[in-house]
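Taking the working numbering, the leading residue of the sequence shown gets 431, the next gets one more, and so forth. C-beta atoms are modelled at their ideal positions from N, C-alpha and C, and glycine is treated no differently. Predicted model only: the values in this text are computed from it and were never measured. Okay, structure first, notes after.
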Amino acid sequence: MKYLQEAGLNQEVPEKTLGEVCLDLKLLTTQQVEGAQALERQTGKRLCDILIEQKLVSPEDMAMARSIHLKLPLIDLRKHVIQPDALKLIPRDIARKYTMIPLDIIGDSLIVVMADPEDAIAKDEIKLQARMLIQTAIGTHSDIQRAIDINYKPSADIEKQVSRYLPQIPKEADPTTEFGGSAPIAQILDLLLSQAIKLKASDIHIEPQEDTLRIRFRIDSVIYDMFSLPLGVNGPLSARIKVQAGMDIADMRRPQDGQMSIKIGVKDVDIRVASIGTIYGENLTLRILSKSLPLLTLTQLGFSPDILEKCQAMLKSPYGMILVGGPAGSGKTTTLYAAINELIQIKQNIMTIEDPIEYRFKGVSQTQVNPKANIAFANGLSALLRHDPDVILVGEIRDKETAAMAVKACIAGHLVLSSIHANNAVGVLFRLIDLGIEPYLISSILVGVVAQRMVRRICPSCRAPYKPRFKEKAISLGGMQLFPTVLYKGEGCNLCSNTGYAGRAGIFELLVMSEEIGRMLFNKPSYIDISNKAIEEGMTTMIRDGLLKVQEGITTVSEVMQTVLGPGAAISFVSGTSE
């Protein structure tokens, strides 16, 4: 690896000042440099810090300027693999303290990337800790912090807490007495939650196996093995979670649900907990709902302009039903919340019945489903109708009673927004029929249906163009009339855990209910007949919307195929067995 070729470590101190380097790079004007240097003399602060604080130079440009000034290599952590042997030499606490990360070992030297390579105290401590010579390189503060979060999994800390806890487990332990704030089992849970939130995981799966406790995280829709703990930790860990979530710790066979709120750093996080017994013990799934995530608007969701325009037109309907369809985890609630956010701008009485309430709106009356208080979707919706709402959000239509009550609300002159499990927009129509809603009611009250999925975004840090393969061209041309000459993929980097993806985007299809489709429902049409008519009337399918996003460089063909058609389609596509 050629980290140090341009470092010039044996040269004399460069004659040019940092200010002069910034002028050479045309990052600043002479007046800006002189003003910053005056502040440097007055305050004693370093010039590099002043320039960033005043936002005269970006952190990335400053790293480049300091690299030239100090004659140190500027390392792009998105393109270099951090070597495990190097990582073991420096503890995470030191890496965080000095915003540095070990990169590699070359000969008798440890290569370290630092946000501030002029920090002599830091370099001395790193050298003492590693017991090796060190060679420094420079990186941006944000890239180093992200690399620390990704590469330093808290395995060692968890193992330490496990070793403290296991010898203390009595044969007949009362779990409620083991959970003081400083107890090792509490520390294990805190570490798991902290790491999951840092990696932006949506779910934590705690799964006892025959001889070990498997911990897995779901990140951007993909599930990853993260930790393997001794099986003896499962009982106490599950009990602690259940205590905090208000669940019955004595009942380990009956499925239970609960919820808890925690604070990780400055983030307030709600966690929905579900438990179920297995042959090896109790499985727990923790769904992470961050209160600090920004509420997206319809524009930010990623709708194509024509779909966005039609969605906004549907929301202006004075009454009727608008449904969002898709499987679990497809972002239906996010879309419903974006719609409510749009409707808040119009002065209306908006009320909701949800399970759970994932975001709190100002000026909206929100009700939580509560089985203990006998509040379900159906009777909760019935109660809301007595409070003169203009718009009602029903978290989910999952049974005949809720579907029937939602239809009654529409007939009574209310606009009802809800989600429903269905594979696509046309499938929502057939799902309503399965729930006992007559075709004449569907045609009269249904305004439209949005169906959606979430696809992984190509990592912007390692996104690279390539020429599409034959099969990718064939799929794009297959009835889509798309002609890609260049596509994009993520090559894998430290900032995306070498997956090539970071974050998610929505792909959508929108069916606007028409008189013709309404008439077709009376004659028990096939799925194909309705689909063809909807496309004829202007519906963009999810496949087409996904492929348009492929052309824009947002995602990949294989990701769209896998998400919309299932893993089998992606395997067939990758292996080249489908035409």
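Note down, in chain order, each residue of its chain lying with its Cβ closer than 8 Å to the Cβ of residue i, except the 5 sequence neighbours on either side.
i: residue 975; result: 734, 737, 937, 938 and 939
i: residue 701; result: 623, 675, 689, 690, 691, 692, 716, 717, 718 and 719
i: residue 548; result: 500
i: residue 770; result: 780, 782, 791, 794, 821, 823 and 847
i: residue 373; result: In the structure as shown, the chain begins at 431 and stops at 1009. Residue 373 is therefore absent and cannot be evaluated.
i: residue 470; result: 476, 477 and 480
i: residue 852; result: 755, 756, 858, 860, 861 and 881
Using CA coordinates, which residue listed in the options is at the minimum distance from residue i?
i: residue 944; options: 694, 508, 823 and 969; result: 969
i: residue 899; options: 889, 916, 450 and 754; result: 916
i: residue 518; options: 561, 484 and 827; result: 561
i: residue 617; options: 814, 694, 503 and 711; result: 694
i: residue 680; options: 662, 705 and 957; result: 705
i: residue 964; options: 567, 941 and 956; result: 941
i: residue 991; options: 984, 977 and 758; result: 977
Is it right to say residue i is buried, meaning 16 or more other beta carbons lie within 10 angstroms of its own, or is it exposed?
i: residue 862; result: buried
i: residue 878; result: buried
i: residue 652; result: exposed
i: residue 445; result: exposed
i: residue 461; result: exposed
i: residue 664; result: buried
i: residue 502; result: buried
i: residue 472; result: exposed
i: residue 966; result: exposed
i: residue 827; result: buried
i: residue 870; result: exposed
i: residue 823; result: buried
i: residue 672; result: buried
i: residue 841; result: exposed
i: residue 727; result: exposed
i: residue 909; result: For residue 909, the predicted structure reports a pLDDT of 48, less than 50, and the residue's modelled location is therefore unreliable. The matter cannot be settled from this model.
i: residue 496; result: buried
i: residue 698; result: exposed
i: residue 464; result: exposed
i: residue 639; result: exposed
From the DSSP output, read off the bridge partner residues of residue i.
i: residue 870; result: Per DSSP, none; premise fails for residue 870.
i: residue 713; result: 706
i: residue 826; result: Residue 826 is not bridged to any residue.
i: residue 654; result: 647
i: residue 532; result: 542
i: residue 893; result: 920
i: residue 767; result: The partner list for residue 767 (beta bridge, DSSP) is empty, contrary to what the question assumes.
i: residue 849; result: 754
i: residue 508; result: Per DSSP, none; premise fails for residue 508.
i: residue 628; result: According to DSSP, residue 628 bridges with nothing at all.
i: residue 800; result: 805
i: residue 687; result: 704
Note down the Cα distance separating residue i from residue j, rounded to an integer number of angstroms.
i: residue 793; j: residue 775; result: 11 Å
i: residue 631; j: residue 539; result: 36 Å
i: residue 789; j: residue 847; result: 16 Å
i: residue 668; j: residue 654; result: 20 Å
i: residue 498; j: residue 522; result: 28 Å
i: residue 919; j: residue 583; result: 26 Å
i: residue 666; j: residue 986; result: 43 Å
i: residue 480; j: residue 570; result: 16 Å
i: residue 459; j: residue 886; result: 41 Å
i: residue 837; j: residue 875; result: 7 Å
i: residue 787; j: residue 455; result: 51 Å
i: residue 731; j: residue 979; result: 13 Å
i: residue 619; j: residue 635; result: 12 Å
i: residue 494; j: residue 892; result: 19 Å
i: residue 741; j: residue 751; result: 13 Å
i: residue 767; j: residue 994; result: 23 Å
i: residue 744; j: residue 629; result: 37 Å
i: residue 633; j: residue 648; result: 5 Å
i: residue 563; j: residue 577; result: 22 Å
What does a CB cutoff of less than 7 Å around residue i pick up in its chain, not counting 5 residues either side in sequence?
i: residue 601; result: Reliability fails at residue 601, whose pLDDT of 42 lies under 50, so the model's placement of it is uncertain and the value that follows must be treated cautiously. Correct list: empty, nothing qualifies.
i: residue 960; result: 856, 859, 947 and 950
i: residue 492; result: 478, 481 and 482
i: residue 434; result: Low confidence applies here, because residue 434 scores a pLDDT of 45, under 50, leaving its location unreliable and the question unanswered by this model.
i: residue 725; result: 767, 771 and 789
i: residue 930; result: 888, 889, 892, 919, 920, 921 and 922
If I measure Cβ to Cβ from residue i and keep anything under 6 Å in the same chain, skipping five residues before and after, which residues do I get?
i: residue 927; result: 580
i: residue 890; result: none
i: residue 447; result: none
i: residue 637; result: 644 and 713
i: residue 973; result: 994
i: residue 958; result: none
Using 7 Å as the cut-off, classify the Cβ of residue i as near or not near the heavy atoms of the ligand ZN, replying yes or no.
i: residue 524; result: Of the ligands one can find in the structure shown there are none, so the ligand ZN has no counterpart to examine.
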